[in-house]
Every structure is written in structure tokens, then in C-alpha cells.
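Trainee: Each residue of the sequence shown is one higher than the last, beginning at 306 in our numbering. Before I ask anything, let me first share the structure, which is written out below as C-alpha cells.
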Amino acid sequence: MPETAKPPSPAPESATEAEADPEPAARRLGLAPIERPRERLLVLGPSTLADAELLALVVGGGHAVERATLLLRTLGGLAGISEAIPHELQRVPGIGEASAAAIVAALELSRRLARLQLPCRAPLRNADALRRFARATLRGATQERFLVIGLDARLRVRTVREVGLGTIAAVTVHPREVFRPLIRAGAHSTLLVHNHPSGDAEPSRSDLELTERLVDAGWLLGVPVLDHLIVSDRGCTSLVEAGLMPAPAELADLAGAEEVHDGADENMTVKT
Numbered sequence: 306m307p308e309t310a311k312p313p314s315p316a317p318e319s320a321t322e323a324e325a326d327p328e329p330a331a332r333r334l335g336l337a338p339i340e341r342p343r344e345r346l347l348v349l350g351p352s353t354l355a356d357a358e359l360l361a362l363v364v365g366g367g368h369a370v371e372r373a374t375l376l377l378r379t380l381g382g383l384a385g386i387s388e389a390i391p392h393e394l395q396r397v398p399g400i401g402e403a404s405a406a407a408i409v410a411a412l413e414l415s416r417r418l419a420r421l422q423l424p425c426r427a428p429l430r431n432a433d434a435l436r437r438f439a440r441a442t443l444r445g446a447t448q449e450r451f452l453v454i455g456l457d458a459r460l461r462v463r464t465v466r467e468v469g470l471g472t473i474a475a476v477t478v479h480p481r482e483v484f485r486p487l488i489r490a491g492a493h494s495t496l497l498v499h500n501h502p503s504g505d506a507e508p509s510r511s512d513l514e515l516t517e518r519l520v521d522a523g524w525l526l527g528v529p530v531l532d533h534l535i536v537s538d539r540g541c542t543s544l545v546e547a548g549l550m551p552a553p554a555e556l557a558d559l560a561g562a563e564e565v566h567d568g569a570d571e572n573m574t575v576k577t
């Protein structure tokens, strides 16, 4: 009897099924285990892998390195991927729902880790650690966000709160909302951070006016403002380092000399 032809193997029904067998391309090419991204990471550490190889381990599935390379090229590198939403990731050939979700989850974990790494126990005596935290927290935000960081008497972080959320060009901040969480946390002083989605980290006139009012209100309430950082995807500006507000040591000298402006508790709108 003639042999019955075998039916063709069914195509994978979903991206999840297609991703069940990682790195088949590497095996077909005859690569030794140590040459594959996963094994090299386990043996030699993650620093030995290129961006595309690390991303391939997140993406998973067949031809992962090729798909990760295409993803990086299409979206403009890691910076572009970090700002993409799942729908934008899925527009790249070979990236399904599972891969897009894994990428977004990995990036969010990275952002949360960056926030945890803000030195809560070590004294925060300069803007470098604050810059890293602020950029990791606010990078890619499409709206202006305003954060306050409460410090204890030894300049250690006690609390971080978002007190304002606005549009692409402005955020409305009420001094009462700025200082309420600081007072509740028993903060000794505070650092201010907000972002400019436009990409320009230079302070606007309304940024400087708001900072002056919050500095005055802080002295009135016993929670001095030590610095105000403005963050964008292209840079970060410290108003103290730019000479646009008194340095912390100078603030102490000004505490008894500065007169608190009338209307310090008014709503202020910061415009970029």
C-alpha cells in the first residue's frame, strides 16, 4: 500500500508557542554553549554581552538576537526602546505581545531599582545621586511631573512624593501640597525635582519664580529647600550649581534675613 503522506506540522498559534524554544539559531549554526548569549551571561557575567544579546534574552524565542538587533535599529537604541509603549514595540517584525510585555516589565523593574538605589542611609551632600534618581524616575515622561524629596538632619532621604502632574508644557504646584508630605514625614529639609518633556533642561522664568516662593515657604515652615533640579532626556540642571538659587550653606545665613513673600501659598503654574 502506498504510504500516507504525513500532514504538515501546524504553525505556531501564538507568539508564546513560537518563543518556547530559545536560541535555535545558535544551535543550527553549531555555536558552542559558551558562545551563546545565555551561557556566556551565566559563565562570564552580563557585562560581556552586547545590548542586542541582553535584549535577546528578554525577547526570547527563535532568532532572538536578530529580532533584538532589528528592534534596537528601528527604535533608535536602548533610549528609544525605554520610551516605547507595547503597541509601538509590536510594530517591529517578530515582536509579539509576550515579547513586548517582557521588555516593558524589564524596563519598569530597572526604573524601580534606580529609585531604590537612591542612598537613603548615606548623607546626600551633592546633586550627583539625585540626578541619577531623577533621570531614572522621570525619563520618557510625556507630562510634567513635580517631585519632593524629604531629608533628615543628616541629609538622608526620608520620603519621596509626587506633588504635581501637568501637561507637556506646564504643571500646577500648590506650596501646601509640596510641604504637607514633608511635614508629615518629619523632614528636616527638601530637594525639588521636576521634568521638562520638551527636552530643554534650562529653567523657565516661572520655574525660578516658583522656586523662590517655595524657598521662602520652606523657611517659614522650617523645611528649607536645598536645591531644585530640572530634568529632561537630554540633561539635568541644578539651580544651585547654576547659581540661580542660594547654595545650602548660604541658605542658613539667609534664614533670618529673607522676608517671606506675601501669597507664598498661592497656586503656581510652571511653564517650560
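Note that beta-carbon positions come from the ideal geometry of N, C-alpha and C, so glycine has one too. Just so it is clear, the structure is predicted and the values come from calculations on it, not from any experiment.
Compute the Euclidean distance between the alpha carbons of Leu347 and Gly365, then round it to the nearest angstrom.
Mentor: Each residue's Cα considered, the two are about 16 Å apart.
Trainee: So what's Glu449 in DSSP terms, helix, strand or just coil?
Mentor: Note: Glu449 maps to coil in three-state DSSP.
Trainee: In whole angstroms, what separates the C-alpha of Gly523 from that of Thr379?
Mentor: Roughly 47 Å separates the two Cα atoms.
Trainee: Since Leu362 and Pro398 are thought to touch, with beta carbons under 8 Å apart, how far apart are those beta carbons, to the nearest angstrom?
Mentor: About 19 Å; that fails the 8 Å criterion.
Trainee: Given 8 Å as the limit, is there contact between the stretch 452–466 and the stretch 486–497, that is, 3 or more CB pairs closer than that?
Mentor: Touching, yes.
Trainee: Do Pro508 and Leu549 have their beta-carbon atoms positioned less than 8 Å apart in this structure?
Mentor: The answer is yes: Cβ separation under 8 Å.
Trainee: Any idea which residues DSSP pairs Thr495 with across the strands?
Mentor: Gly455, Val530.
Trainee: Would you identify the three-state DSSP class for Asp326, choosing helix, strand or coil?
Mentor: Residue placement at Asp326 is poorly supported in this model, since its pLDDT is 46, which falls under 50; the coordinates are not used for a value here.
Trainee: Would you call the CB atoms of Leu349 and Leu360 closer than 8 Å?
Mentor: Not in contact: Leu349 and Leu360 (Cβ atoms no closer than 8 Å).
Trainee: By the three-class DSSP mapping on this structure, what secondary structure does Glu660 have?
Mentor: Because the chain spans 306 through 577 in this model, residue 660 falls outside it and cannot be assessed.
Trainee: Within 10 Å of its beta-carbon, does Gly491 have 16 or more other beta-carbons around it, so buried, or fewer, so exposed?
Mentor: Its Cβ having fewer than 16 others within 10 Å, Gly491 is exposed.
Trainee: Gly540 bridges to which residues according to DSSP?
Mentor: Bridge partners of Gly540: Ser537.
Trainee: Could you pull the DSSP bridge partners for Thr379 from this structure?
Mentor: Partner(s): none; Thr379 has no beta bridge.
Trainee: Using 10 angstroms around the beta-carbon of Ile386, count the other beta-carbons present and answer buried if the total reaches 16, otherwise exposed.
Mentor: Looking at its Cβ environment, which holds 16 or more other Cβ atoms inside 10 Å, Ile386 is buried.
Trainee: So, are the CB atoms of Glu388 and Gln395 less than 8 Å apart?
Mentor: Contact flag unset, no.
Trainee: Just the Cα atoms here: how many angstroms apart are Thr542 and Val498?
Mentor: Going from the Cα of Thr542 to the Cα of Val498 covers about 10 Å.
Trainee: If you follow the alpha helix (DSSP H) that Ala357 is part of, which residue opens it and which one closes it?
Mentor: That run of the alpha helix (DSSP H) goes 356–364.
Trainee: Within this structure, are the beta carbons of Leu534 and Arg436 separated by less than 8 Å?
Mentor: In contact: Leu534 and Arg436 (Cβ atoms closer than 8 Å).
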